[in-house]
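Asker: What follows is a single structure, and I will ask about it in a moment.
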Amino acid sequence: MLTARWMSYNVQQNVQQNNNFHADGKKSIMAHQQSPKPLRFLKTALSAALPLRFLVAVVVTGILLTIVAVRWQSTRKASRVTVSGATLVPAHEILDIVNIAEDSLTISALSFSEIEHRVKRHPFVKTVSAFRSSGDAIIVQIEERVPVAHVLYRGKQFFTDNEGVLLPYRLLSTVLDVPMISFTGRSVLDSSSLSSALHIIQALEAQGKEFSSNISEVQVRPNRECVLITTASATPVLFGTATDIEQKIAKLRLFWKHQIHQMNRRTFTHVDIRWSGQVVVRLSERLS
2 MLTARWMSYN VQQNVQQNNN FHADGKKSIM AHQQSPKPLR FLKTALSAAL PLRFLVAVVV
62 TGILLTIVAV RWQSTRKASR VTVSGATLVP AHEILDIVNI AEDSLTISAL SFSEIEHRVK
122 RHPFVKTVSA FRSSGDAIIV QIEERVPVAH VLYRGKQFFT DNEGVLLPYR LLSTVLDVPM
182 ISFTGRSVLD SSSLSSALHI IQALEAQGKE FSSNISEVQV RPNRECVLIT TASATPVLFG
242 TATDIEQKIA KLRLFWKHQI HQMNRRTFTH VDIRWSGQVV VRLSERLS
């Protein structure tokens with residue numbers, strides 16, 4: 002019995018040892034199979050870190066290039082200064098106002114708004130825009146005030162543009178063929194009287210150059226009535242106040258069409274278009 006029990010116990014112990022061995026073997030195998038996970042995690046972390054390092058390198062390189070570009074831009078100088086749009090005013094007058102010597106100032110040190118402010122003070126400059134173009138050139142682009150009439154007031158002479166801005170009477174780069182606005186006697190030069198004369202001139206020009214060229218002067222009298230002076234014969238055309246301008250001009254044009262030869266020979270001492278629906282003329286004394 003003892004022998005049998007011992008053998009049975011021995012068998013059971015062997016079975017248990019075998020089971021323990023197999024269990025330990027499985028644990029070892031599982032441990033061996035699980036051991037690569039930290040390695041895979043490390044590889045994943047490294048592979049994720051490489052794009053990040055590349056991105057950081059790109060950003061840093063971009064920042065460095067920007068700094069270099071900014072420093073390079075700050076040392077660039079204007080290669081030339083060009084004036085655009087100057088036809089009446091000589092370009093050198095605008096260049097003298099800009100007062101930038103080539104290669105003397107860096108572009109970053111220039112104030113384009115200050116350049117525009119200085120140029121705008123020129124009486125014949127209406128608008129101005131200063132900017133940098135390709136090749137580090139500075140462009141000053143202007144729009145000029147174009148004279149549309151020559152103003153004579155109490156011995157003083159001016160030009161005026163279509164907005165009624167008085168301009169200095171001076172020699173320009175282009176010869177101007179414009180009518181005169183003269184203020185006779187004690188007539189006053191103000192914005193209202195000047196505007197009335199300009200409206201008459203604009204209505205004449207709207208009929209075409211062939212017709213408007215027949216009027217050389219618009220006189221403004223002390224009572225604010227206007228008189229047109231013909232070019233060929235200096236015949237006065239009594240216009241009256243600056244009302245019904247288009248109707249009066251149309252009436253004058255129709256009369257001119259039929260009486261042009263008499264008008265050019267000074268057949269009339271004056272022509273009166275102040276009255277509605279009619280033209281009143283006075284014959285020259287030598288013909289009456």
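For the sequence shown, the working numbering assigns the number 2 to the initial residue and increments by one for each residue that follows. Built from N, CA and C at the ideal position, the CB exists for glycine as well. Quick caveat, the model's predicted, so the values are computed rather than measured.
Spell out a yes or no on whether the region 134–141 and the region 181–188 are touching, meaning 3 or more CB-CB pairs, one atom from each, closer than 8 Å.
Answerer: no
Asker: List in chain order: all unbroken beta strand (DSSP E) runs of 3+ residues lying wholly within the region 210–267.
Answerer: Listed in chain order, the complete beta strand (DSSP E) runs (minimum 3 residues) inside the region 210–267 are 216–221, 227–231 and 237–241.
Asker: Exposed or buried, Trp257, counting other C-beta atoms within 10 Å across all chains shown (16 or more means buried)?
Answerer: buried
Asker: At the level of alpha carbons, what is the spacing between Ala32 and Thr62?
Answerer: Unreliable placement is indicated for Ala32, whose pLDDT of 44 sits below 50; no coordinate value is reported for it.
Asker: For a quick check, are the C-beta atoms of Leu205 and Gly165 less than 9 Å apart?
Answerer: no
Asker: Counting only runs that start and end within the region 138–187, where is the beta strand (DSSP E) found for 3 or more residues in a row?
Answerer: Whole beta strand (DSSP E) segments, 3+ residues: 138–145, 150–154, 157–161, 167–169 and 181–184.
Asker: Roughly how many angstroms separate the alpha carbons of Val281 and His123, rounded to a whole number?
Answerer: 46 Å
Asker: Hey, Thr1 and Ile250: beta-carbon distance below 9 Å or not?
Answerer: In this structure the chain extends from 2 to 289, so residue 1 is not present and cannot be described.
Asker: For Ser214 versus Thr242, is the C-beta spacing smaller than 9 Å?
Answerer: no
Asker: For the putative contact between Arg146 and Phe125, defined by C-beta atoms under 8 Å, what is the C-beta separation to the nearest angstrom?
Answerer: Indeed they touch by this definition, with Cβ atoms about 5 Å apart.
Asker: Could you check if Leu172 is buried or exposed, using at least 16 other CB atoms within 10 Å of its CB as the buried criterion?
Answerer: exposed
Asker: Would a C-beta distance cut-off of 9 Å place Pro1 and His271 closer than the cut-off?
Answerer: Nothing can be reported for residue 1: it is not among the residues displayed for the chain, which extend from 2 to 289.
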